[in-house]
Every structure is written in C-alpha cells, then in structure tokens.
Amino acid sequence: MRLKKLVLGAAFAGVVGVSVPVSQAVAEDTLFVPLFTYRTGPFANSGIPIANGMHDYFNMLNARDGGIGGVKVLVQECETGYKNEKGVECYDSVKSKHPLVITPYSTGITLALIPKASVDRIPVFSMAYGLSAAAVGTDFPWIFNPPATYWDGMSIVLKYIAGKEGGLASLKGKKIGYIYFDGGYGLEPIPLLDQFAKEYGFSVTKYPVPPADMQNQSGLWLSVRRDRPDWMIMWGWGAMNPTAVQEAAKTGFAMDHFIGVWWSGSENDARPAGSGAKGYLSLNFNAVGAGYPAIKDVEKYVIAKGNSQTPKDMVGENFYNRGVMNSVIIAEAIRNAQKLTHKKVVDSADVRRGLETLTISDERWKQLGLPGFAAAIHVTCQDHNGHHAAYVQQWDGRKWVKVSDWLTPMEDKVLPLLYSAANDYVSKNQPWPKRTEACDDKTL
Amino acid sequence: MLYREVGQYKTSYRADQALFPILQDRIGIAVILLLAFVGVPLTASSFTIDSILIPVLVLALAATGLNLLTGYTGLLSLGTGGFMGVGAFACYKLTTLFPGVNIIILILCSGFFAAAVGTVFGLPSLRIKGFYLAVATLAAQFFLSWCFIRIPWLYNYNVSASIEVPTKTLFGLAVTGPTSSPVTRYLIVLSIVAFLTLVAANLVRGRIGRTWMAVRDMDLAAELIGIRLYQTKLLAFAVSSFYCGVAGAIMVFLWLGNAESESFNINQSFLILFMVIIGGLGSLLGSFLGAALIWGLPIVLRAAPAFFGVNIRSATAEQISFVIVGALIIFFLIVEPYGLARLWQVGKQKLRMWPFPY
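Line order of the protein sequences matches chains Z and B. Its first residue numbered 1, the first sequence is counted upward by one per residue in my numbering. Its first residue numbered 1001, the second sequence is counted upward by one per residue in my numbering.
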C-alpha cells in the first residue's frame, strides 16, 4: 500500500510538477510576445517561412535597437502543428506569463480564442485570417485582423478578373470555379462569392478539398477539366496549395486564369510544379524580395550571426516577408502603446489600445526601412481591419512578379456582409460582453 | 505484506460481489477520489487543469467507450471520432433549441443521439467481423465528418462552419464559455466521468458485460449457450457510442469551447484506439492509464528540457515527442500487449507477496 501511495504520490507530484516550469514568471522588464507557429505537420510548408520571418524581425529589433523603446522583446514559440487543441493548450500555457498579444496563425485557433480574449484581456492579432466579422471593433474590441478580410480578398480577386475580362458586366455567363479548404477558412468567402454570382450573372462551381485529402486532388481536377471553368479561384493552405498548382499544371489548366488568395501564394506553393506553374496568380499584401533596409538589417544582425533557423535563400520570400510584416505590426502597436501610456513596459491592455490607434503611413513604412512594403495601414476603434488594398502577383517560373496595381476591396459589398455576420455571431453567442473599453483619441 | 487480502473474510454474497472486494483497493480508490475532488482543485494551476487534467478525463471517457466495444465485445471500431462528433454537434443543437435546460442534462442527452447513430452503424457488425468491421466503421467516420461540414443546419449556418459554446450558468455560476473557471469545469467533467465509469464498471461485471465477453471470446459458442448475438452486439455499439458522444460533448463544451468538423477526424479515432491499446484492452483502468500516457507524455516531454534548464526549440520538442510516443507504442505491443493495465495487475500480484516473495 505504501508503494502504491508512493507511486500515486509520485504521479501526482509529476502532474503538478510539470506545471511549474510552464508558469515560470517572465522577467518584469521585457515585452513578452508568444508566437504560435507550426514547423511540423501538413501545414509546415506554409508555417516555417512565416515563423522564421516573425522570429527574425523581433531578434533584429533586439540586436539593433535593444528592443522596442529600449525594452527587450522576449519571443517564445509554441508549436501548434495547426491543431486547435494544441493551440488552446499553447494559449493556456502562455496566458499566465502576461503575453502582450497572441498571434494564432490559424483560423481554427483564432475562432477558439475569440471568446477568451475579452475575458483574459489579451488582444488577438490575426493578420488577414480568422473571423472576418471580428473587424467590427465595437463588437470585438480585443480582436484585430488588418490589413484585409477574406471577403475583401474575394472582392479584389473578382475585381481583377473583371479587369481582365473587360468590366464587371462582362462577367455575365462566365464560369468561375472555387477550390477551397473545406473548413471555416475556405467556407467563409462563399456567401460573398454567391452574392456576386447572382449580381453579375456568372456561375460558380465549388470544389471543396477536405483536410484529409489535401494531397489527393486528382479526382477533383478531373471534374475541373470536365466543367471547364473560365477562372479558378483558390482558398488553400499548407499542403493543399502545391498539390493544387501541380494538378492544375498537369491537367493543362490555363495557369494565368488560376488565382489564389494571399495564403496560397508562397514560393513553396508554386515551385514544386516546376515550369508548369508559370503564370499562376495570387493575391498579396506585402512586397516580395530582400532588397529593403530593414531586411538587410535582419540579415546583418540576426542571420549572419547565426541566431536564426532561416536558410539564407529563404530571406525575402513571400511568406518570410509576411512573417516580418506580422512582427512589424506588433512592434508598431507596442511602440504606439508606449507612446500612449508613457510607460516603457506596457501590458496587454495597453497593446490593445496601441493596436486600436495603429497607423502605419507610407512615410512610416519608409522610416521602418520598408518603403513600399505594404499599403498604409490604418486601424480605428470601429474598424479593426481597415480593408486595405492588395495586389496580384504572378509566378514567372522562379519568383513572384507584381502584375497589378494595388487594388482596393469593394467595401460597399463587403461591409454589409461584415456587419450582418458580426451581429449573427453576437446573437448566437449570447451573453456576449458589451464593449466597455474606452476609445482613444487618434490625435494623441 | 501491505497489499494482502488474507484475513478479509466475505461473509455475505453482497460483500463477495462488491466492486472493490479488497480493503486496500477501497482505501486506494478513496484516496484517488479525494485527491481528484479536493486535492486538485485546491492546489493545481489553471494550466494543469485546463491542459492536462480535463483533456485526460475527456479522452479517458472516450477510451472507456471504445474499450467497451473493442476490449469487452471484441468489435474493432475506427469511428470513435465520428461518434464523439455526433455527441458534440447534438449537444450544440440541443443548447440552441432548448437554451433554458440545464447544460449537464443536455450533455448527457447528447449521448443518446450518438448511441442511436452508433447503433445504425453497428448493424454491419452482425454480418462482418474483424478487419472488415473496422472498414465499415471507418466508413461511418468519413460519412460523419462529411456531415459535420456539409450539413450547415448542424452548425446553425455559421459562416465559419464551427460550433461555438455560449456561456451557460448553473446556480448562477458560469459552467461553460470563457468566463467559467477551470475548477468549475474540471469538477463537472470529473463528476460525469466518475459517474459514467462507475456505471461502466457495473455493466461489465454484470450479465450484460458477461454476454459481451462471451461474444468476444467466441461468438459461435456464445450463440450456442443462448446469447442473442444481434442484441448483444448492437447494445455494445449503443453503449459505446453513448460514452463517446458524451465525451465529445464534454470536449467541446467544457474543454475547448469551440470545434469544427476537423476536431473529430480520423486522427481522433486513431488516437483513442492507441489509448485503448496502450492502456489495455478490456480494462477500464487501462482507458485512464492510456489516456494519461498519450496525452501527458508530449506535455511532459515539452516541459522537461526547460525544467532541467536545457533550451530546446518547441518544434524539436514536438518531433521528439512524436518519436518517443511511436517508440512506446511499438515497445508496448512487443513487451506487454495487454497494456498498462496488465502491468498494474502484475505489480499488484507482486505487492501481495512483498517483501517476502516465496
């Protein structure tokens, strides 16, 4: 019996014990930014460059400027494998360490964290993913999803297609195929797509890709071949992207009529299809390439010193730069919060205010060493997104080339949908907390 | 010496048929329950409760469900994830249709929907056995996952295709949703799991359990001694799916707070099956041990390097934990095919004679 107790006791102590290292206090004078990343699993091809970009930019700020406003940034990765349970576990493990902001990097994890954010008073920053409706700041004071929502993305795609076809009116009678990740992420744009189809008289054929069959799309592309759509639009992620591009190339689909959202436009997505991917289009909201002073600094202060997991040739790739942009926005929000509160070590509530008053003008992008890197970003208390412009890029066989101007989303179509979706979410999740957070004056 | 039942006389049938006939077992279970119900809420951190204890209890309940089917009745099933999903989506629909009803009642009711679906998919078990049945249940798994995303009515036409858990209160205390405290949720989960485990323990040692085991050991012989295969097998499917359904409902409502079709995919089914295999087929204790091992190990592995001051990247830790869990599965299959529960049995035998083995 004693042994049994001993074993039980040891097991219990073990269980309690493991919580000790995770709840270790973070030093008082740092800015703690946890990064939820995935370098393992079927989404790693998308996740690794983003994780590297996010990580390296903060390390560069630490090495070059001594952090933000003189306070070091403490970056800690938590591996989610893009799984919701793991993401929630990561959130629970960092929650007690006073994180300034959470970046889930998964629509599923974002959805799980949205109700928790206002209770735990930790802002969630989901850069152009997550719940589109969370852009309504009056209902979701703790959630931020600039620079654009999925619906903005869809309207930009259709704008681009209309531009090629000769105006929105000439979409009439066209056949558009929509291949999408069969989950919240891919389903979200459908209401807008259907609405456009009705308004402009084109037909939509939908090709869902179940998460389990991401790498098994040959049957689906046979249907595409049979249906002969004029355009294909893709909402894909992870292993689904390169598979779709390869299959499209194999079936001989016109690649310059195949356009992916900004999450389907990584080099890793186009490269495996070889020369067949030439002409493939995708949206983007950040510049590609390493020719920016800030990225040169990353190379100089972080990568050259061996403080990074990034292979040299990954720097400047699309998703690497996406990760950098993610970190730039967080860093700017922290800087903003420091300015607003006149404190050096800010807390998560301050960063929420910082995000809510965030403005990164073209001028500011230049000061940051990233001239023309992205559209000017402007977030307000009411609008946590900004509905900013994106551009279309084309794969030339080796790299991405910008082939369109910055296209603004059709806000007149997107906003009504956004507000009704936000209302719908709030009404289904009653009692939903009313916004009590004061709105900061922008002139501060 | 310490664990010896010598001198414990059973003077009535009642005492002989007790769930825990040995005094030491009774003390042991009382200590465990005391620790679980009183010790943990007083001492454990919210991370321990939210990320270790609640998940282990939920998965243990699902593993118990599968164990009733696979371990006790000998019917291999790969549809566990799907049946859990039925429970979760049923509970979600019930909360929207009957918002005023006590959430715990709804969670238990959702088990009946899973039981109904499980019975339907259990029908092929009357004709096919073994691997072929596994394939039939695999079909159930895929069909159900497909339903969870293709029937928007199930998730109330949410644009995100996911189900979200609203805040529900019980006696003025939030029990679901973000405002509920981990301790409240933990105690509810623990109560439900403890209650259902007690029911299962009584089921398997009674008439029903014996017919299940007879069918498992040799269904032809069981039929010859007068057991009706068709009722027995379907009952096993129903009870098993009930447990899985309740586990799924708890998983969404008291643990994750949100779920989509992907949360109940084939990987979930395999995970639960591994728990049953590692824990021990045909043992309720095994379900708990298996769940604790498979869920707990990666967390321990991730925390261990930091505990000893070694800094390892979180992705590396994840990969190491994949390797170790995989190796453990192979190790157990070779060294102890009856699982952790069997190890405990062996240990108990040894303890009886300890410290004077003769």
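Don't be surprised by glycine CBs; every beta carbon is placed ideally from N, CA and C.
Bounding residues of the beta strand (DSSP E) (the contiguous stretch that carries residue i)
i	result
Val400/Z	The question names Val, but residue 400/Z in the sequence shown is Trp. Start and end: Trp400 to Lys402.
Thr37/Z	Thr30 to Thr37
Lys517/Z	In the structure displayed, chain Z extends from 1 to 444; residue 517/Z sits before or after that span and is not available.
Asn284/Z	Leu281 to Asn284
Leu1289/B	Run containing Leu1289/B: none in the beta strand (DSSP E); it sits in the alpha helix (DSSP H), Leu1284 to Phe1307.
Cys78/Z	Lys72 to Glu79
Asn1258/B	Asn1258 to Glu1260
Met232/Z	Trp231 to Trp235
Val1335/B	Here Val1335/B belongs to no beta strand (DSSP E); instead the alpha helix (DSSP H) covers Ser1314 to Val1335.
Among the options, the one whose alpha carbon lies nearest that of residue i
i	options	result
Leu1144/B	Val1031/B, Asn1158/B, Phe1264/B and Leu1173/B	Phe1264/B
Thr341/Z	Arg353/Z, Ile68/Z and Asp313/Z	Arg353/Z
Gly47/Z	Met60/Z, Val71/Z, Gly81/Z and Tyr57/Z	Gly81/Z
Arg1313/B	Phe36/Z, Phe32/Z and Ile190/Z	Phe36/Z
Gly1118/B	Ser1162/B, Gly1085/B and Ile1149/B	Gly1085/B
Leu171/Z	Val157/Z, Asp182/Z and Gly183/Z	Val157/Z
Gln367/Z	Glu332/Z, Thr436/Z, Val204/Z and Trp400/Z	Glu332/Z
Trp406/Z	Tyr185/Z, Asn284/Z, Glu77/Z and Tyr419/Z	Asn284/Z
Asp152/Z	Ala135/Z, Lys164/Z, Phe140/Z and Gly166/Z	Ala135/Z
Val426/Z	Pro1182/B, Val1159/B and Leu1229/B	Val1159/B
Ile360/Z	Ile334/Z, Lys343/Z and Ala349/Z	Ile334/Z
Ser264/Z	Lys250/Z, Gly276/Z and Ala239/Z	Ala239/Z
Leu222/Z	Glu247/Z, Phe258/Z, Pro189/Z and Phe202/Z	Glu247/Z
Tyr129/Z	Thr138/Z, Asp383/Z, Asp65/Z and Gly184/Z	Gly184/Z
Presumed contact (8 angstroms Cβ cut-off) between residue i and residue j, rounded CB distance
i	j	result
Phe373/Z	Asn286/Z	6 angstroms
Pro146/Z	Ile377/Z	6 angstroms
Phe1274/B	Ile1329/B	6 angstroms
Asn1067/B	Ser1261/B	Wrong, their Cβ atoms sit about 25 angstroms apart, outside the cutoff.
Thr1064/B	Tyr1243/B	6 angstroms
Cys1147/B	Ala1249/B	At roughly 16 angstroms, the Cβ-Cβ gap does not stay under 8 angstroms, so Cys1147/B and Ala1249/B are not in contact.
Leu1361/B	Leu1224/B	In the structure displayed, chain B extends from 1001 to 1358; residue 1361/B sits before or after that span and is not available.
Backbone secondary structure at residue i - three-state DSSP
i	result
Ala128/Z	coil
Lys1168/B	coil
Tyr425/Z	helix
Lys159/Z	helix
Pro416/Z	helix
Glu437/Z	coil
Gly260/Z	strand
Lys312/Z	helix
Thr1211/B	helix
Val101/Z	coil
Ser361/Z	coil
Phe1037/B	helix
Ser1045/B	coil
Trp395/Z	strand
Ser1269/B	helix
Endpoints, the alpha helix (DSSP H) within which residue i is located
i	result
Tyr1013/B	Tyr1013 to Asp1016
Met474/Z	An answer regarding residue 474/Z cannot be provided, because it is not within the stretch 1 to 444 covered by chain Z.
Phe1083/B	Thr1080 to Leu1097
Ser1110/B	Ile1103 to Gly1122
Val1199/B	Pro1182 to Val1204
Leu204/Z	A quick correction: the sequence has Val, not Leu, at residue 204/Z. Per DSSP, Val204/Z belongs to no alpha helix (DSSP H); it is in the beta strand (DSSP E), Ser203 to Val209.
Ile330/Z	Asn318 to Thr341
Ala1247/B	Leu1229 to Ile1250
Val1346/B	Gly1339 to Met1353
Tyr1155/B	Where Tyr1155/B is concerned, there is no enclosing alpha helix (DSSP H), given that its DSSP letter is neither H nor E.
Trp1146/B	Gly1130 to Arg1150
Ala197/Z	Ile190 to Tyr200
Trp432/Z	Careful: Trp432/Z lies outside any alpha helix (DSSP H) and carries neither H nor E.
Ile115/Z	Looking at the sequence itself, residue 115/Z is Pro, so the reference to Ile does not match. Thr107 to Asp120 is the extent of the alpha helix (DSSP H) around Pro115/Z.
Test item: CB-CB of residue i and residue j under 8 angstroms
i	j	result
Gln207/Z	Tyr178/Z	In the sequence under discussion, the amino acid at residue 207/Z is Tyr, which differs from the Gln named in the question. It is a contact, given that the beta carbons lie within the stated cut-off.
Ser445/Z	Trp142/Z	Because chain Z spans 1 through 444 in this model, residue 445/Z falls outside it and cannot be assessed.
Val1175/B	Thr1184/B	yes
Ile1103/B	Lys1168/B	yes
Val328/Z	Ser155/Z	no
Ser1051/B	Ser282/Z	no
Ala1291/B	Val1120/B	no
Val324/Z	Gln393/Z	no
Trp395/Z	Ala270/Z	yes
Ala1320/B	Leu1297/B	Checking the sequence shown, residue 1320/B turns out to be Ile, not Ala. No, they are not a contact pair.
Proximity test, residue i beta-carbon vs the ligand SAM heavy atom, cut-off 7 angstroms
i	result
Phe181/Z	Ligands in the displayed structure: none, and consequently the ligand SAM is not present.
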